[in-house]
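Written out below as structure tokens is the structure these notes cover.
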Amino acid sequence: MQRILIVVLLIVGGASAGLFYAWRQATQLPSWYAEQSTTQPIAAEPSPLNNAPNDTPNDVAIAPSPSNRSQTPASPQAVQSPQQQLEARVAEGLQKTSDRKNVTVQLGQRDLNHLLGAEIARKAKDSGFGSAVKGVNTTIQNGKIESGAVVNLAEIPLEQLPSSERDTLSKLVQSFPNLGNQQFYIGVEGKPIVKNGQVQWDDNTRVKLGNLSLTTAEIAERFGVPEAEVRRQIEMRLRLGELKVNDIEVVGDQAIIQGAADR
Numbered sequence: 005m006q007r008i009l010i011v012v013l014l015i016v017g018g019a020s021a022g023l024f025y026a027w028r029q030a031t032q033l034p035s036w037y038a039e040q041s042t043t044q045p046i047a048a049e050p051s052p053l054n055n056a057p058n059d060t061p062n063d064v065a066i067a068p069s070p071s072n073r074s075q076t077p078a079s080p081q082a083v084q085s086p087q088q089q090l091e092a093r094v095a096e097g098l099q100k101t102s103d104r105k106n107v108t109v110q111l112g113q114r115d116l117n118h119l120l121g122a123e124i125a126r127k128a129k130d131s132g133f134g135s136a137v138k139g140v141n142t143t144i145q146n147g148k149i150e151s152g153a154v155v156n157l158a159e160i161p162l163e164q165l166p167s168s169e170r171d172t173l174s175k176l177v178q179s180f181p182n183l184g185n186q187q188f189y190i191g192v193e194g195k196p197i198v199k200n201g202q203v204q205w206d207d208n209t210r211v212k213l214g215n216l217s218l219t220t221a222e223i224a225e226r227f228g229v230p231e232a233e234v235r236r237q238i239e240m241r242l243r244l245g246e247l248k249v250n251d252i253e254v255v256g257d258q259a260i261i262q263g264a265a266d267r
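Quick note: the sequence shown, position 93, residue 97 per our numbering, numbers continuous.
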């Protein structure tokens, strides 16, 4: 996502017409971030998911975790990542169900917020700019999922960028002195689909910078990179352990996943 942010910034900065309007749109921060009481960097692992209810029936393997269930703090050694907790919930559900060929997993907005937020945090940490990420959020609305982060450009280590991007960005900072201290929202919005047993974004997925919205094809064409590379940068990784995903549908504020046990 770091490179996607830079790519979109270069597109905005290179626009000859409507530059001021485009810049105003690109620097708009989402309401969820503006309403936060703090702007501390996100943790490497967001709050873990709650366990699924104990009374989960066999014909519905895993339910979404409740948003108001109290949790007993665990020791640091015992705390699992959101991904590990999801896989544990799936494994528990598979043990309880009598039909391992017909398994339903329900993920609520809170689940996806923790899962995708943890993935963003992990990628940021691995890329060496974890402190640049100031907040993450995932929402489900109108049949689509939007997941993104607010990033402080000043805290991205530019020395890790390819020389061409680093040089162009340096010129942009010279043209827009406030750019170096600017915070940006970079997000991905689309419908989840299943290809080859993996949950992915659909072909109409859009990349958002503030209030600006571009398709992956537009980014690829304007910056001269393969669209496959753009999509690789924003890929959705939703691993469900032993469950092979057959279908996914967004219903209300939940993602309903249909699948079967791998073994």
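Glycine residues also receive a C-beta, built at the ideal position from the N, C-alpha and C atoms.
| message | When you compare the stretch 207-225 with the stretch 247-255, are there three or more beta-carbon pairs, one atom per stretch, that lie closer than 8 Å? | response | no
| field | Length-filtered (3 minimum) beta strand (DSSP E) runs lying within the stretch 173-247 | value | Every unbroken stretch of the beta strand (DSSP E) spanning 3 or more residues and falling wholly within the stretch 173-247 is given here in chain order: 187-194, 196-199, 202-205, 210-213, 216-219.
| query | In chain order, what residues of the same chain lie with their CB nearer than 8 Å to the CB of I197, ignoring the 5 residues before and after it? | reply | V203, Q204, W205, D206, I252
| My guess is that V254 and G147 are in contact by the Cβ rule of under 8 Å, so how many angstroms apart are they, rounded? | 5 Å
| What residue does the alpha helix (DSSP H) around K129 start on, and which one ends it? | From DSSP, the alpha helix (DSSP H) with K129 extends over 113-130.
| query | What's the C-alpha gap between Q29 and Q186? | reply | 13 Å
| field | When K100, R235, N141, N117 are compared against Q40, the one with the closest alpha-carbon | value | When only C-alpha atoms are compared, the closest one is N141.
| field | For T219 and E233, the rounded distance between their alpha carbons | value | 13 Å
| task | Compute the Euclidean distance between the alpha carbons of A259 and S151, then round it to the nearest angstrom. | result | Rounded to whole angstroms, A259 to S151 spans 14 Å at the Cα level.
| task | Could you pull the start and end residues of the beta strand (DSSP E) that K138 belongs to? | result | For K138, the enclosing beta strand (DSSP E) starts and ends at 137-145.
| Taking the C-alpha atoms as reference points, what is the distance between I149 and S167? | A straight-line Cα-Cα distance of about 34 Å links I149 and S167.
| field | Candidates G256, E163, F188: closest to A143 by CA position | value | For clarity, residue 143 is Thr in the given sequence; the question names Ala instead. If we check each option's Cα against that of T143, G256 comes out closest.
| message | I need the boundaries of the beta strand (DSSP E) containing S35, first residue and last residue. | response | Per DSSP, S35 belongs to no beta strand (DSSP E); it is in the alpha helix (DSSP H), 35-38.
| G263, DSSP secondary structure in three states | strand
| Supposed contact pair L98 and E246 - C-beta distance, whole angstroms, cut 8 Å | Contact holds; Cβ gap of about 6 Å.
| message | Does K148 come out as helix, strand or coil in the three-state DSSP assignment? | response | strand
| message | Nearest by alpha-carbon distance to I124: which of D115, P34, V137, D103 is it? | response | V137
| query | Can you name, in chain order, every residue of its own chain whose Cβ lies under 7 Å from the Cβ of P68, other than the five neighbours on each side? | reply | Note on P68: pLDDT 47, under 50, position unreliable in the model; the coordinate value appears next. The residues are Q110, L111, G112, D115, Q258.
| query | Between G194, R241, G263, which lies nearest to R126 when the distance is taken from Cα to Cα? | reply | R241
| request: Give a yes or no on whether the C-beta atoms belonging to F188 and V154 are separated by under 9 Å. | output: yes
| field | For E258, the three-state DSSP class (helix, strand or coil) | value | The sequence shown places Gln at residue 258, rather than the Glu named in the question. If DSSP states are grouped into helix, strand and coil, Q258 belongs with the strands.
| task | Look at A221 and K105 and say whether their C-beta atoms are less than 9 Å apart. | result | no
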